[in-house]
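When we follow the UniProt record's numbering, the leftmost residue of the sequence shown carries the number 1, and every step to the right adds one. Quick reminder that beta carbons are idealized off the backbone N, C-alpha and C, glycines included.
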Amino acid sequence: PLAWSEDHRVSVSTARSIAVLEQLSDVHSGGQDMVIHRTAVPAPGTACMLKVGPKKEVAECKEKFASSVDPTVSQTFMLDRVFNPEGKSLTPMRGFKYSSWSPLGCDANGRCLLAALTMDNRLTIHANLNRLQWVQLVDLTELYGERLFEASYKLCKADTPCGELGDFPEFQRRHSMQTPVRMEWSGICTTQQVKHNNECRDVGSVLLAVLFENGNIAVWQFQLPFLGKESITSCNTIESGISSPSVLSWWEYEHNNRKMSGLIVGSAYGPVKIIPVNLKAVKGYFTLRQPVVLWQEMDQLPVHSIKCIPLYHPYQKCSCSLVVAARGPYVFWCLLLISKAGLNVHNSHVTGLHSLPIVSMTADKQNGTVYTCSSDGKVRQLIPIFTDVALKFEHQLIKLSEVFGSVRTHGIAVSPCGAYLAVITTEGMANGLHPVNKNYQVQFVTLKTFEEAAAQLLESSVQNLFRQVDLTDLVRWKILKDKHIPQFLQEALDKKIESCGSTYFWRFKLFLLRILYQSMQKAPSEVTWRPSHEDAKILISDSPGMGSTEDDQEEGTSKQASKQSLGDTGKGVDIDDTAEDSLNQSSDTGGREPMVEKLLEIQAQIEAVEMHLTREHMKRVLGEVYLHTWITENTSIPTRGVCDFLMSDDGYDDRTARVLIGHILKKMNKQTFPEHCSLCKEILPFTDRKQAVCSNGHIWLRCFLTYQSCQSLVYRRCLLHDSIARHPTPEDPEWIKRLLQGPCTFCDSPVF
């Protein structure tokens, strides 16, 4: 029921919709609480009917089976919800039973796609394109049904002809071969595409594996960015040979720069095995020659969940794969590594973890830590430790009852960098009695300390703040709480900037300064969105001959009451802060001067860091201009203005920038190619990186990615509202479109 995406969105499958909770590390808010934006993917209004034949023939067969004299046919048909999703007298099969997130970089905005499976077996893919609304891009159940119908419900031409739809076994077979059980995304891979002039170009693609009730697996290949039905490259069906399949996961292994992949399938009867996947035309991928059985015993312990974690073996000095599967109350693990002898497989079970079956399992792919939970509110943390031969697990108990009281747990998911654990809970037993009503809640538990999060951010190989929002949120909370940046973090960051000079550390510094600035700000006395009645008061007092009336007194009283209720219920504002504010207001101005000076000092540091990041991005833009333009070509980018802006500050002495600007000016050959205002045709001077103002006072905002003026009514903003960017146009060359796909230069957030 719970999944956490790489772009920090938690999907919660419910009976009405998929609730999507997006975690933000908000730099414009002074509250210490976790900032979450909530959207939803609504459940379809109509039931999903699988395509098993012509509509008229299907209706006749259903009527025939429902009124059959044979009870084994009529009762099996009437009670099977795959055949009768609308339910009639039964409860409707409304809602979602599973959701899966794609890797980062699959939709048009470079974010994650959401694959959703409804209770009535409809598999769809959704994208969040315009920030608050989810759009269904494709219905894969419908497409797969049409493919099977065209192929006469045969997987290959050599198959024996299928029976008549009027035969009940054939009716069941056609349903089971297109009833999805699970679906999982692969990592992003590269394919070769041949252009019209016989040139080859690399195109990103992603695979979605769909496991069906009869054991078949459909592997869909999508070209990136995925836009809809037109982005589907192929669909191949694999026979797994596993009866009663229950769960699916991708196995992706890299050895000596050779990538291998396969699909791990688990059965409700117990077995687990890897199925080879032949990835044709996929660059650098190899496949297994035959299936690999990881566990073959039919011990009736159903496989509930499978996770595959890539790790590095410290003793064997090579990469390896750790496969963990929840089987009843146990955790089955299997270590796979390739040596000169071939594929080595070590497997075993971890017992004594839970007294009840495991209901959910999640894994932190950065360090291999596995978390399992049972319905009694107990969560186990399993840490793999390598030995000479294989590995062992250290496990410890996390008692949620100590944090939330008596609760029952229904699902867990760990954040991408391992800072938080999301848990779905309901009320547990109180005084030996079950609760009358169940209130499902998503709780967040911190798994790392502030010091661990700060160290991970400083040593990050990702070097992207947006992809580490869970870590930056812990840092944000600490600074807002203590109202200062810890000394060790400040010194370590300064050393990184001096030694490395990467813009990532400058962005991290900007983030810390912005949070520090927010922590110094006074909490507003009123909620900013609440409408005030001050305008009405001014009108009444300004009108002649009007004095104090009862209405004014009542209005003042209600206003005081609203302030009091705000103080009682407001988040992030405690009584001590309000007391300090009142003391500051009553004290003399001399007491406030140090605070004002401190704020001005922080503001100056913020502007200096922003200017440094702007100059670095300007150099990148000018580099693209130099590489992709001929002599005296108008590029639509205000090249001369950017050059003059960079060289206008005498204190800025960057030899790289000076050499680059010299080459560009030589190419331009004294041409300026200025921008013109679309309203009055006057020249738009480049005097400000954020906006352009013509001589008639018309103001246009500047795109932070290309520094062009956005002279249209629609433009894009980054996730944290840091900057604005224009939309790409059909006339733009490829290199400008590539620039416009970039993230925010200040906070690494995607642009909408």
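Could you name the residues that DSSP lists as bridge partners for residue i?
i, result
"residue 470", "DSSP output for residue 470 lists no bridge partner at all."
"residue 312", "319"
"residue 373", "360, 379"
"residue 675", "684"
"residue 771", "Limits of the chain in this structure are 1 at one end and 752 at the other, which puts residue 771 out of reach."
"residue 392", "385"
"residue 420", "446"
"residue 260", "253, 286"
"residue 197", "Answer is none; residue 197 lacks a bridge partner."
"residue 98", "117"
"residue 204", "190"
"residue 221", "207, 234"
"residue 216", "239"
"residue 433", "430"
Reducing DSSP to helix, strand and coil, say where residue i ends up.
i, result
"residue 735", "helix"
"residue 80", "coil"
"residue 743", "coil"
"residue 438", "coil"
"residue 290", "coil"
"residue 714", "coil"
"residue 566", "Because the pLDDT of residue 566 is 32, which lies under 50, any placement of that residue in the model is unreliable, and the number read from its coordinates should be weighed accordingly. Helix, per DSSP."
"residue 243", "coil"
"residue 235", "strand"
"residue 483", "coil"
"residue 631", "coil"
"residue 504", "helix"
"residue 702", "strand"
"residue 514", "helix"
"residue 621", "helix"
"residue 74", "helix"
Can you check whether the CB of residue j is closer than 8 angstroms to the CB of residue i?
i, j, result
"residue 609", "residue 509", "yes"
"residue 82", "residue 179", "yes"
"residue 333", "residue 345", "no"
"residue 206", "residue 310", "no"
"residue 105", "residue 224", "yes"
"residue 450", "residue 425", "no"
"residue 602", "residue 513", "yes"
"residue 272", "residue 209", "no"
"residue 101", "residue 40", "no"
"residue 416", "residue 146", "no"
"residue 679", "residue 690", "no"
"residue 442", "residue 27", "no"
"residue 750", "residue 110", "yes"
"residue 395", "residue 378", "no"
"residue 391", "residue 376", "no"
"residue 30", "residue 600", "no"
"residue 117", "residue 123", "yes"
"residue 374", "residue 358", "yes"
"residue 482", "residue 419", "no"
"residue 511", "residue 744", "no"
Which residues mark the beginning and the end of the beta strand (DSSP E) in which residue i is found?
i, result
"residue 411", "407 to 414"
"residue 348", "342 to 350"
"residue 141", "No beta strand (DSSP E) contains residue 141, which is instead part of the alpha helix (DSSP H) from 140 to 150."
"residue 806", "In the structure as shown, the chain begins at 1 and stops at 752. Residue 806 is therefore absent and cannot be evaluated."
"residue 332", "330 to 339"
"residue 273", "272 to 276"
"residue 10", "9 to 13"
"residue 66", "Premise fails: residue 66 lies in the alpha helix (DSSP H), 55 to 66, not in any beta strand (DSSP E)."
"residue 20", "17 to 24"
"residue 2", "2 to 4"
"residue 123", "123 to 128"
At which residues does the alpha helix (DSSP H) containing residue i begin and terminate?
i, result
"residue 44", "Premise fails: residue 44 is in no alpha helix (DSSP H) and is neither H nor E."
"residue 663", "655 to 668"
"residue 174", "168 to 176"
"residue 771", "There is simply no residue 771 to check, as the chain begins at 1 and stops at 752 in what is shown."
"residue 646", "639 to 647"
Segment contact flag, the segment 191 to 204 with the segment 128 to 144, C-beta cutoff 8 angstroms, min 3 pairs: no
Three CB pairs or more closer than 8 angstroms across the segment 297 to 314 and the segment 242 to 249: yes
contact_flag[the segment 431 to 438, the segment 375 to 390] where n(CB pairs < 8 angstroms) is 3 or more: no
Sufficient close CB pairs (3 or more, under 8 angstroms) joining the segment 45 to 65 to the segment 495 to 509: no
contact_flag[the segment 712 to 730, the segment 619 to 626] where n(CB pairs < 8 angstroms) is 3 or more: no
Validate contact between the segment 13 to 24 and the segment 42 to 49 using beta carbons, cut 8 angstroms, 3 pairs: yes
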